[in-house]
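Before any comments, here is the structure.
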Amino acid sequence: MSHSSSDKEKRKAHGKFATRLIHFGAEIDEATGASSVPLYQASTFHQADLEASQEYDYTRSGNPTRQALEDYIALLEGGTRGFAFASGMAAISSALMLLSQGDHVICTEDVYGGTYRLLTTIMNRMGVESTFVDMTNIAEVRAALRSNTRAVFIETPSNPTLRITDIGEIAAFAKEHDLLTMLDNTFMTPYHQRPIELGIDIVLHSATKFLGGHSDVLAGLAVVANDSLGRRMKQIQNGMGNVLGIQDSWLLIRGMKTLQARMEMSEKGARRLAQWLTEQPDIDVVYYPGLPNHPGREIHEKQSLGYGAVVSFDVGSGEKAKKLLSKVKIPLVAVSLGAVESILSYPAMMSHAAMPKEVRLLRGITDGLVRYSVGLEDIEDIIEDLEQALRG
Numbered sequence: 085m086s087h088s089s090s091d092k093e094k095r096k097a098h099g100k101f102a103t104r105l106i107h108f109g110a111e112i113d114e115a116t117g118a119s120s121v122p123l124y125q126a127s128t129f130h131q132a133d134l135e136a137s138q139e140y141d142y143t144r145s146g147n148p149t150r151q152a153l154e155d156y157i158a159l160l161e162g163g164t165r166g167f168a169f170a171s172g173m174a175a176i177s178s179a180l181m182l183l184s185q186g187d188h189v190i191c192t193e194d195v196y197g198g199t200y201r202l203l204t205t206i207m208n209r210m211g212v213e214s215t216f217v218d219m220t221n222i223a224e225v226r227a228a229l230r231s232n233t234r235a236v237f238i239e240t241p242s243n244p245t246l247r248i249t250d251i252g253e254i255a256a257f258a259k260e261h262d263l264l265t266m267l268d269n270t271f272m273t274p275y276h277q278r279p280i281e282l283g284i285d286i287v288l289h290s291a292t293k294f295l296g297g298h299s300d301v302l303a304g305l306a307v308v309a310n311d312s313l314g315r316r317m318k319q320i321q322n323g324m325g326n327v328l329g330i331q332d333s334w335l336l337i338r339g340m341k342t343l344q345a346r347m348e349m350s351e352k353g354a355r356r357l358a359q360w361l362t363e364q365p366d367i368d369v370v371y372y373p374g375l376p377n378h379p380g381r382e383i384h385e386k387q388s389l390g391y392g393a394v395v396s397f398d399v400g401s402g403e404k405a406k407k408l409l410s411k412v413k414i415p416l417v418a419v420s421l422g423a424v425e426s427i428l429s430y431p432a433m434m435s436h437a438a439m440p441k442e443v444r445l446l447r448g449i450t451d452g453l454v455r456y457s458v459g460l461e462d463i464e465d466i467i468e469d470l471e472q473a474l475r476g
């Protein structure tokens with residue numbers, strides 16, 4: 085069975101986000117009509133005519149299964165080209181490889197611990213300097229500008245204190261000074277937030293989280309805003325070889341199809357959980373962009389369609405946090421987030437263990453801070469479980 089090019093034209097992605105998630109252009113196999121992207125489990129491709137150009141020759145350079153995923157995320161983010169990597173950090177490190185020795189990057193101060201570690205222990209050895217600033221304050225960002233500044237790295241909402249950066253404002257500042265902008269969109273996903281539409285050059289994801297959604301695949305994605313960046317990123321991806329495997333590419337495509345349905349349900353639960361936590365006397369502070377008193381709520385609502393499924397809160401001390409982690413019964417007590425099952429994390433010993441304690445504390449990542457990624461369980465069961473753990 086074969087499909088004509090007119091059939092392919094008919095199936096070109098269109099409609100609203102939920103429709104594009106399912107009908108993204110490669111959802112039906114052209115050769116057989118199969119209902120999912122085939123797994124091209126091949127490392128190399130026969131070249132019948134050495135004089136003719138051929139799209140695929142070696143899987144590190146390109147593979148049809150991975151290409152379907154890369155086209156998929158580019159469509160969802162509204163960029164020109166997508167790239168799939170072996171992990172979120174592989175995607176972030178590849179984007180930072182666009183910089184050269186002697187360059188300087190301005191970065192969100194309360195960034196994910198892995199990004200902080202990359203910048204402060206690896207990129208610095210390559211001669212790339214970093215300054216970490218409160219990205220919610222444009223004056224601090226402007227003050228960090230140097231003659232050798234080449235890029236701005238943004239995380240909004242930040243991990244784990246969920247501070248909000250005005251994406252449009254930073255993008256305008258960067259364009260004014262010819263700086264490259266990179267934004268980690270893991271928490272919001274393209275369902276809630278599309279940074280390229282707001283002027284960002286490169287959008288990054290730990291696709292392990294909400295995009296994959298099932299705690300069964302490790303992956304990173306990048307999307308670029310223009311063809312020039314696309315060519316440069318392709319050179320880095322191919323040159324470094326940190327590509328996503330074929331099985332994982334297929335799993336990620338499968339997970340992404342349910343992104344909107346999962347995000348909507350998890351966010352509904354997160355909003356209810358955040359409100360409940362604000363009413364508990366033994367909780368010092370609750371971080372969630374959907375709360376009326378969140379300092380960045382107005383900016384977040386301007387640039388995002390939802391508040392996400394992650395709620396962070398401070399129980400007052402490391403001792404209380406560890407007690408809570410030992411008594412909960414529903415969530416996984418684990419690193420990571422964004423899955424069908426709820427995950428309760430302890431940033432001080434997990435996601436931000438790479439950050440020196442004094443640096444961590446300055447950023448509000450205290451010993452009593454925990455981060456709850458709300459899954460698809462019944463939210464009343466989640467709250468009842470948290471209540472028994474806090475009171476127990």
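The sequence shown maps to residues 85 to 476 in the numbering used here.
By construction, the Cβ of each residue, glycine as well, lies at the ideal position given by its N, Cα and C atoms.
Integer Cβ distance of residue i from residue j, believed to fall under 8 Å
i      : j      : result
Val327 : Phe169 : 7 Å
Val394 : Glu161 : With 8 Å as the limit, Val394 and Glu161 do not qualify as a contact, their Cβ atoms being about 20 Å apart.
Leu202 : Met173 : 7 Å
Asp451 : Ala405 : 7 Å
Thr47  : Leu123 : Residue coverage of the chain in this structure runs from 85 to 476, which leaves residue 47 outside it and unanswerable.
Thr292 : Ser426 : The Cβ separation is near 16 Å, so there is no contact.
Asp187 : Asn232 : 6 Å
Met317 : Ser178 : 7 Å
Run of the alpha helix (DSSP H) containing residue i, from where it starts to where it stops
i      : result
Val225 : Ile222 to Ala227
Ala306 : Element bounds for Ala306: not the alpha helix (DSSP H) but the beta strand (DSSP E), Gly304 to Val308.
His384 : Arg381 to Gln387
Thr273 : Thr273 to His276
Val76  : Not covered by the structure: residue 76. The range shown for the chain is 85 to 476.
Asp332 : Ile330 to Met340
Glu363 : Premise fails: Glu363 is in no alpha helix (DSSP H) and is neither H nor E.
Glu464 : Ile463 to Arg475
Residues bridged to residue i (per DSSP)
i      : result
Met317 : In the DSSP output, where bridge partners are listed per residue, Met317 has none listed.
Leu264 : Ala235
Glu351 : According to DSSP, Glu351 bridges with nothing at all.
His289 : Leu305
Ser457 : Val394 and Ile427
Val399 : DSSP lists no partner for Val399.
Val417 : Leu428
Val327 : Phe169
Beta-carbon proximity of residue i to residue j, cut-off 9 Å
i      : j      : result
Val443 : Leu428 : no
Val454 : Leu416 : no
Ser333 : Ala423 : no
Val419 : Ala354 : no
Ile449 : Asp194 : yes
Leu313 : Arg165 : yes
Ile222 : Asp250 : yes
Ala235 : Ile190 : yes
Asp239 : Tyr275 : The amino acid occupying residue 239 in the given sequence is Glu; Asp does not appear at that position. Cβ atoms of Glu239 and Tyr275: not closer than 9 Å.
Thr270 : Phe237 : no
Ser396 : Gln277 : no
Thr342 : Gly297 : yes
Leu180 : Val217 : no
His378 : Leu246 : yes
Residue i - containing beta strand (DSSP E), residue span
i      : result
Val369 : Val369 to Tyr371
Val217 : Glu213 to Val217
- Whole alpha helix (DSSP H) elements within the stretch 87-170, 4-residue minimum: 89-94, 101-106 and 148-161
- Message: Runs of 3 residues minimum, wholly inside the stretch 182-214: which ones carry the beta strand (DSSP E) assignment?
- Response: 188-192
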